[in-house]
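There are 2 protein chains.
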Amino acid sequence: MTKKEKILEAGLKLFATEGYTATSTNKIANAAGVSEALIFRHFLSKEGLLSAIVKEGESAFKNLYTPILKESDPKEVIRLTIALPLTVPESHYEFWRLQFRLKWELQSVNHKKSQPLIDKLSWAFAELGVAHPKQEAEFLSDYLEGLASQILLGKEVNKKKTEEFLLLKYKLT
Amino acid sequence: MTKKEKILEAGLKLFATEGYTATSTNKIANAAGVSEALIFRHFLSKEGLLSAIVKEGESAFKNLYTPILKESDPKEVIRLTIALPLTVPESHYEFWRLQFRLKWELQSVNHKKSQPLIDKLSWAFAELGVAHPKQEAEFLSDYLEGLASQILLGKEVNKKKTEEFLLLKYKLT
DNA sequence: GTCTATAAACAGATAGAC
DNA sequence: GTCTATCTGTTTATAGAC
C-alpha cells in the first residue's frame, strides 16, 4: 500500500468515527504513519482529502441502486430496495457512516440523490395496484433511511429477521 | 434576558447549525454580545456549555412522549406516536437538529432512550391483534426516525398529507 | 457579574532539504 | 515522494481589574 493510500484509509476511518472538523491533519498523519506535509502534497488541503475520500466511494451508492432501476419486475424492485441496507457488508460501514455524518456536519444534503430510486419504487407500487404508490414509496424510503441510521449508529439489528418481516409485510414471499 | 441565557441561546443556535466542534467560543460570545470569558465563568468549559444546553432541553423529549406512555387506548397510542414528528413546532427544530447532530458528532447515542415508547407501541399493536407487534413497533419507530431526519435536514414534507396517509395505513381513521 | 488582556496549545498550511 | 522545521492564525481557557 502506498503512503497516499494510507492517508486515504486513515482519513476515512478518522472522519467517519470522529467527524471531519474534529479530526486534525496531524492526527491523520500519525495514524497513517506519515508526515503531515505529505497530506498537503497529495491533496492540497484538508478539504481536498475529504473530497478525494468522498469521490473515491461516491459511485458506490449509484452502483448499489442502479441494478434496481433496471429491474422490470415490480416485486423484485421492492425486494431489492429492502435488501439494500441489510446486505451492505460491515466492511463498508465506515464509508457509509462517513456519508451519514457528512449529511449533518456539512450542509451537503442531496435530497435528489435518492429520487430515482423513490420514483422506481413508486412505479413498482402502482404496478402492484397499491392505493397510494407515491406515498408508499416515500414511506419505505424514509423507513430504510431510519433503519440504516440505527444500524450505523451501532444498534443491534437482527438483519435476517428484519428482512423476513419486511418481505412478509410487503407480501413478497 | 440575562447574559447567561443569551449565551445558552446563541450556543444552541450555533451548535445546531454549525456543529459543536466547528463552533468556537469566540463565535458564541460574539453572537451573544458578550465577552468570551463570561462563557467560562458560567459554564467552566465549552463542554460545560454543551451539557447545560443538552440538559436544559433533555426533558423535552421525555415530556413529549410520557403522555403516550400513560395512554390506555392502543389506537390512540399509535396515533399520538405518529403525530410526534409531525406536530413539533418549527421553532423547536433548532433544538432537535442539535440532538440529531450530536448523535453523530459525539458517540452519545442512547438507544434505550426511546425503548419505553417502543415497548408501549409493541403493547398497542398486540392489543389490536397485529401479527408481529414487536417488529411492527421497531418498524414504526425506525420510520419516524427517518422521517424526522428528513424534515430536520430540510426536505419538504407535506405534514398534513403524510399524517393522513399514516392514519389510513394504520387503520386509525 | 462582566470586562480586557493574554497565555498556551493547536490548527491548517508552506519552505526547503534530501 | 517524503521529510523536518516553521509560519500564522485560531482555539480554549485563565488572570486580574472594575
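Sequence order for the protein chains is P and H.
Count along the first sequence from 1, add 2, and you get the number used in my numbering.
Count along the second sequence from 1, add 2, and you get the number used in my numbering.
For every residue, glycine included, the Cβ atom is placed at its ideal position computed from N, Cα and C.
Rounded to whole angstroms, E38 (chain P) and T27 (chain P) show a C-alpha spacing of 6 Å.
The Cβ neighbour count for L52 (chain P), taken over all protein chains shown within 10 Å, is at least 16; the residue is labelled buried. DSSP places E140 (chain H) within a helical segment (H, G or I) once states are collapsed to three. Ranking H:V132, H:K157, H:L149 by CA distance to the CA of Y172 (chain H) puts H:V132 first. K15 (chain H) has a beta carbon lying at 7 Å or more from every beta carbon in chain P.
Listed by position along chain H, the residues whose Cβ is nearer than 7 Å to that of A128 (chain P) form an empty set, because the closest Cβ is around 15 Å away. Distances from the CA of K8 (chain H) to each of H:N32, H:E140, H:A18, H:A24 were compared; the closest alpha carbon is that of H:N32. Relative to the Cα of F167 (chain H), the nearest Cα in the group H:A150, H:H94, H:E138, H:I84 belongs to H:I84. Residue environment analysis places G13 (chain P) among the buried positions, since at least 16 neighbouring C-beta atoms fall within 10 angstroms of its C-beta. Short of 6 Å from the beta carbon of F17 (chain P), and not among the five residues preceding or following it, lie these beta carbons of its own chain, in chain order: T25, L100. Under the criterion of beta carbons closer than 8 Å, I153 (chain H) and P91 (chain H) do not qualify as touching, at roughly 12 Å.
Within chain H, W106 have C-beta atoms less than 7 Å from the C-beta of F102 (chain P), given in sequence order. For L82 (chain H), the enclosing alpha helix (DSSP H) stretches over residues 76 to 89. Contact fails between the region 130 to 147 of chain H and the region 56 to 68 of chain H, because fewer than three Cβ pairs, one in each stretch, are under 8 Å apart.
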